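Q: Per the working numbering, residue 1365 is the first one in the first sequence, and the count goes up by one each step.
If you scroll down you'll find the structure; I have some questions about it.
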Amino acid sequence: MRATETLRTALAAILKEEGLAWPAKTAIEPSRDPKHGDLSTNAAMLLAKEAKCNPRELARKFADRLLERCPDVEKADAAGPGFCNVTFSQAFWRRTVLDVEAAAGAYGSSGAGAGRKVLLEYVSANPTGPLHVGHGRGAAVGDSLARLLRKAGYAVDTEYYINDAGRQMRLLGLSVWLRALELAGRPVSWPEDYYRGEYIIDIARAMLDADPHLPDLPETEGQERCCQRAMNEILTGIKADLSEFRVEHQRWFSEKTLVESGGVDAAFNALGRSGYTYGKENAFWFATEQLGDDKDRVLKKSDGSLTYFATDIAYHHDKFERGYDRLIDIWGADHHGYVPRMRAAITAMERPRDSFDVVLIQLVNLLRDGKPVSMSTRAGTFETLAGVLREVGVDAARFMFLSRKSDSPLDFDLELAKQRSLDNPVYYVQYAHARIRAVLRRAAERGVSLPDAVSEEMLAGLDTSEDMALLRKVAAFEDTLAAAAQALAVHHVSHYLSELAGLLHSYYAKHQVLLAGDTARTLARLALLRAVAQVLRNGLEVLGVSAPESM
RNA sequence: GCGCUCGUAGCUCAGUUGGAUAGAGCGAUAGCCUCCUAAGCUGUAGGCCGCAGGUUCGAUUCCUGCCGGGCGCACCA
1365 MRATETLRTA LAAILKEEGL AWPAKTAIEP SRDPKHGDLS TNAAMLLAKE
1415 AKCNPRELAR KFADRLLERC PDVEKADAAG PGFCNVTFSQ AFWRRTVLDV
1465 EAAAGAYGSS GAGAGRKVLL EYVSANPTGP LHVGHGRGAA VGDSLARLLR
1515 KAGYAVDTEY YINDAGRQMR LLGLSVWLRA LELAGRPVSW PEDYYRGEYI
1565 IDIARAMLDA DPHLPDLPET EGQERCCQRA MNEILTGIKA DLSEFRVEHQ
1615 RWFSEKTLVE SGGVDAAFNA LGRSGYTYGK ENAFWFATEQ LGDDKDRVLK
1665 KSDGSLTYFA TDIAYHHDKF ERGYDRLIDI WGADHHGYVP RMRAAITAME
1715 RPRDSFDVVL IQLVNLLRDG KPVSMSTRAG TFETLAGVLR EVGVDAARFM
1765 FLSRKSDSPL DFDLELAKQR SLDNPVYYVQ YAHARIRAVL RRAAERGVSL
1815 PDAVSEEMLA GLDTSEDMAL LRKVAAFEDT LAAAAQALAV HHVSHYLSEL
1865 AGLLHSYYAK HQVLLAGDTA RTLARLALLR AVAQVLRNGL EVLGVSAPES
1915 M
């Protein structure tokens, strides 16, 4: 935010003149209470000891200096235990509109990420069945996080890891194969573990229709063929669901391909080089315990096959080899026990601790009219993502998923999400945008024309406390995005948008724009609203939610 | 049993990485359209921030210990 920068620069100069060092814990942040001005800093409290004077006095001194030095600072004083509160002039805040116009779609972007190369991996559901709502939440969070990090100046690539090599795939093949045998009227004995969804039967039936001799194949070949077909079909469905949900993965990364190209050996070598692997009881182990895990883990089992952990390590090793500085994984919260293990692997690969982050996604409780909807995969009665999207729409679903901290459980009420009412926050925000666009359209109809580029003089009519509240909120957008990116927490953006929409609706109720009875004021307010609409649109874009022209 | 995580208004949740008198929505309740979109706005009520210690100028936030909920503890993925 311009205000933060202005204050930071000025304060730094003052500290230098006073011969004081800039304390690392210095905070410059918007005041919670408007009475405390626009921004406040705790610098005086941190420096009181060093400067040998009481914090109140020091804050007073800083305040006086700021007033002398910055023409944009209208008021500055000491308050409370030693805060220095600063209020900027109205003219300063009005210029925010010009900033928005100049940056347009890029408003809110920052260089916080400094171009760091990030690989964001998300969803990565096994291709053994359609995506359900839980995957949907991970998809929404992952996709929006990618958008957010890009805004914050990171170079982000996105990836979906396909577990197409392990036991789950064999089980999928077996499940379809057995269904096919059953459909062909052959005797079938069902194992304890297999996939029971309707879609398995559909695939088996389609295969049987295409080739009635399928059941005559030798077991191994039949199962292999079933597996291939089922995986392709399911993966196609997953891609279609994600695309419908406006979720994009730039690369689909195959576990099988990784294993076949020797990625596992490369990773094992890397771990071995740092001395963390050993053989015991016919198996190949990774000494994760000394790296913070509960116990050591097996990489290659005594029967010679690889564990899931082994190929996953190889995958992460490969990501680093491809030149990414930072890996972010989005996992279901039920995998949180897996984090220390993976962290151990990162350490053993001699990568810095902050080069790997996991964002955990908690359970989604799907409700209908307050009553839980069963989501058991085994029983085959789960609610698919596609079904939910059909029912509530992409915008409502995305906003719902993104409105809460991702690692706390989410109640998703289908009826509520479907409602076009104030209970449904997505419409509250979208309505704010649509309202502004309606006013701008109406203005054009009336022949009130706002130039594409407005001047500072034109904004002079913005002088009420509601004008200032909106301007300050708009100005805080960049900081909000940067903080959200830093915390890997997209929900901050949703909250910001709800707040901005709230201010807009209040403003709209209190101040007339076209009927202001004063052309200069009308134009100034139109310019302000247009800037607000731009920010709403930019924010909604981060969430992957549309910004409608009318509702 | 061990580990992770959460505990904030009647309900669902925020809380800007330790700041000043703890916020929002819903619900309850009292109001607001001759006026640019009422899918909106305004007011009121509602709190031992799970409990007890500690760290310091200052704790809902950090540390420790309890209490209570969720999850995880495989040569599964």
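In this text, a Cβ means the ideal position worked out from N, Cα and C, and glycines have one as well.
Remember, it's a predicted structure, so these values are computed and weren't measured experimentally.
What residue range does the beta strand (DSSP E) around residue 1525 cover?
A: One-based indexing of the first sequence puts residue 1525 at position 161. Looking at the DSSP string, the run of the beta strand (DSSP E) that includes residue 1525 is 1519 to 1526.
Q: What is the DSSP secondary structure of residue 1434, reduced to helix, strand or coil?
A: Position 70 of the first sequence, counted from the start, is the residue given in the question as residue 1434. Three-state DSSP puts residue 1434 in coil, outside helix and strand.
Q: So, at 7 Å on beta carbons, what are the nonlocal neighbours of residue 1533 in its own chain, with the 5 sequence-adjacent residues on each side left out?
A: Within the first sequence, numbered from 1, the residue matching residue 1533 stands at position 169. So the qualifying residues of the chain are 1591 and 1595.
Q: If you draw a straight line from the alpha carbon of residue 1741 to that of residue 1698, how long is it in whole angstroms?
A: Stepping through the first sequence from its first residue, residue 1741 is reached at position 377. Stepping through the first sequence from its first residue, residue 1698 is reached at position 334. Unreliable positioning characterises residue 1741 in this predicted model, as indicated by a pLDDT of 44, which lies under 50. A coordinate reading is not provided.
Q: From residue 1558 to residue 1535, what distance separates their C-alpha atoms?
A: Along the first sequence, read from residue 1 onward, the residue named residue 1558 stands at position 194. Along the first sequence, read from residue 1 onward, the residue named residue 1535 stands at position 171. C-alpha separation (whole angstroms): 6 Å.
Q: For residue 1803 and residue 1727, I'd like the C-alpha separation in whole angstroms.
A: The residue given as residue 1803 occupies position 439 in the first sequence. The residue given as residue 1727 occupies position 363 in the first sequence. Between residue 1803 and residue 1727, the C-alpha separation is close to 41 Å.
Q: When DSSP labels each residue in this structure, what does residue 1770 get in the three-state scheme?
A: On the first sequence, residue 1770 is found 406 positions in, with the first residue counted as 1. The answer is coil: DSSP assigns residue 1770 none of H, G, I, E or B.
Q: Between the Cα of residue 1888 and those of 1550, 1438 and 1814, spot the shortest distance and give me the residue it belongs to.
A: Here residue 1888 refers to the residue found at position 524 when the first sequence is read from its first residue. Closest by alpha carbon: 1814.
Q: Decide if the region 1820 to 1830 is in contact with the region 1452 to 1472; the criterion is three or more beta carbon pairs, one per stretch, under 8 Å apart.
A: Taking 8 Å as the limit for Cβ pairs, the verdict is that the region 1452 to 1472 does touch the region 1820 to 1830.
Q: With DSSP run on the structure shown, which of helix, strand or coil describes residue 1556?
A: Working through the first sequence from its first residue, we reach residue 1556 at position 192. Coil.
Q: Residue ranges of each beta strand (DSSP E) run of no fewer than 3 residues wholly in the region 1368 to 1430, ordered along the chain?
A: Segments of the beta strand (DSSP E) lying fully in the region 1368 to 1430: 1392 to 1394 and 1403 to 1405.
Q: Between the Cα of residue 1859 and the Cα atoms of 1902, 1879, 1885 and 1766, which residue gives the shortest distance?
A: Taking the first residue of the first sequence as 1, we reach residue 1859 at position 495. The candidate whose alpha carbon is nearest that of residue 1859 is 1766.
Q: Using 8 Å as the threshold, is the C-beta distance between residue 1572 and residue 1548 below it?
A: Here the question's residue 1572 lines up with position 208 in the first sequence. Here the question's residue 1548 lines up with position 184 in the first sequence. Cβ atoms of residue 1572 and residue 1548: closer than 8 Å.
Q: Do residue 1585 and residue 1529 count as a contact pair if the criterion is CB distance below 8 Å?
A: Residue 1529 sits at position 165 when you count from the first residue of the first sequence. Residue 1585 sits at position 221 when you count from the first residue of the first sequence. Contact: no.
Q: Under the three-state reduction of DSSP, which class applies to residue 1831: helix, strand or coil?
A: As a first step, residue 1831 is located in the first sequence; it is residue number 467 there, counting from the start. In this structure, residue 1831 counts as helix in the three-state DSSP scheme.
Q: Secondary structure at residue 1740, three-state DSSP: helix, strand or coil?
A: Within the first sequence, numbered from 1, the residue matching residue 1740 stands at position 376. Annotation note: pLDDT 49 at residue 1740 (below 50); position unreliable, no value reported.
Q: Thinking C-beta only, is residue 1911 closer than 8 Å to residue 1516?
A: In the first sequence, the residue the question calls residue 1516 occupies position 152. In the first sequence, the residue the question calls residue 1911 occupies position 547. Cβ atoms of residue 1516 and residue 1911: not closer than 8 Å.
Q: According to DSSP, residue 1777 sits in a beta bridge with which residue or residues?
A: Locating residue 1777 in the first sequence gives position 413, where the first residue counts as 1. According to DSSP, which records beta bridges pairwise, residue 1777 is partnered with 1731.
Q: On the CB-based measure, 16 or more other CB atoms within 10 Å of its CB, does residue 1851 come out buried or exposed?
A: One-based indexing of the first sequence puts residue 1851 at position 487. Counting Cβ neighbours within 10 Å, residue 1851 comes out exposed, since fewer than 16 surround it.
Q: Have a look at the DSSP bridge pairing and note the partners of residue 1618.
A: Here the question's residue 1618 lines up with position 254 in the first sequence. Paired residues: 1526.
Q: Over the uninterrupted alpha helix (DSSP H) stretch that includes residue 1721, give me the two end residues.
A: In the first sequence, counting from the first residue as 1, residue 1721 sits at position 357. It is not in any alpha helix (DSSP H) - residue 1721 instead sits in the beta strand (DSSP E) that spans 1720 to 1725.
Q: Determine the closest residue to residue 1569 out of 1902, 1588, 1540 and 1581, with distance taken between C-alpha atoms.
A: To locate residue 1569, count along the first sequence from 1; it is residue 205. Minimum Cα distance to residue 1569 is reached at 1540.
Q: Look up residue 1916 in the DSSP assignment and give the residues it is bridged to.
A: Given a span of 1365 to 1915 for the chain in the structure shown, any question on residue 1916 remains unanswerable.
Q: Near residue 1438, what residues of its chain come up, given a Cβ to Cβ distance below 7 Å and the 5 sequence neighbours on each side ignored?
A: Within the first sequence, the letter at position 74 stands for residue 1438. Within the same chain, residue 1438 has close Cβ partners 1451, 1452 and 1453.
Q: So, with DSSP's three-state summary, where would you put residue 1643?
A: Looking up residue 1643 in the first sequence gives position 279. DSSP places residue 1643 in strand when its eight states are reduced to three.
Q: Bridge partners of residue 1748, per DSSP?
A: One-based indexing of the first sequence puts residue 1748 at position 384. Answer by DSSP bridge pairing, in chain order: 1496.
Q: In three-state DSSP terms, what is residue 1903?
A: Residue 1903 sits at position 539 when you count from the first residue of the first sequence. Here residue 1903 sits in helix by DSSP.
Q: Less than 8 Å between the C-beta atoms of residue 1412 and residue 1448, yes or no?
A: Indexing the first sequence from 1 puts residue 1412 at position 48. Indexing the first sequence from 1 puts residue 1448 at position 84. For residue 1412 and residue 1448, no; Cβs fall outside 8 Å.
Q: Helix, strand or coil for residue 1609, going by three-state DSSP, please let me know.
A: On the first sequence, position 245 is the one that residue 1609 refers to. Coil, per DSSP.
Q: Quick check on residue 1366: does DSSP put it in helix, strand or coil?
A: Position 2 of the first sequence holds residue 1366. Three-state DSSP puts residue 1366 in a helix.
Q: Using the rule of at least 16 other Cβ atoms within 10 Å of the residue's Cβ for burial, across every protein chain shown, is residue 1915 buried or exposed?
A: As a position in the first sequence, residue 1915 is number 551, starting the count at 1. Counting Cβ neighbours within 10 Å, residue 1915 comes out exposed, since fewer than 16 surround it.
Q: Beta-carbon within less than 8 Å of residue 1379's beta-carbon, same chain only, minus the 5 sequence neighbours each way: which residues are those?
A: Your numbering for residue 1379 matches position 15 in the first sequence. Answer for residue 1379: 1385, 1386, 1407 and 1411, listed in chain order.
Q: By the DSSP assignment, the alpha helix (DSSP H) with residue 1818 in it spans what residues?
A: The residue labelled residue 1818 in the question sits at position 454 within the first sequence. Where residue 1818 is concerned, there is no enclosing alpha helix (DSSP H), given that its DSSP letter is neither H nor E.
Q: I believe residue 1663 touches residue 1617 by the beta-carbon criterion, under 8 Å. Please report the beta-carbon distance rounded to the nearest angstrom.
A: The residue given as residue 1663 occupies position 299 in the first sequence. The residue given as residue 1617 occupies position 253 in the first sequence. Not really, about 20 Å apart at Cβ, beyond 8 Å.
Q: Using only the alpha-carbon positions, how far apart do residue 1965 and residue 1890 sit?
A: Nothing in the structure corresponds to residue 1965, since the chain is present only between 1365 and 1915.
Q: Using the three-state DSSP reduction, which class does residue 1879 fall into: helix, strand or coil?
A: Here residue 1879 refers to the residue found at position 515 when the first sequence is read from its first residue. Residue 1879: coil per DSSP, three-state reduction.
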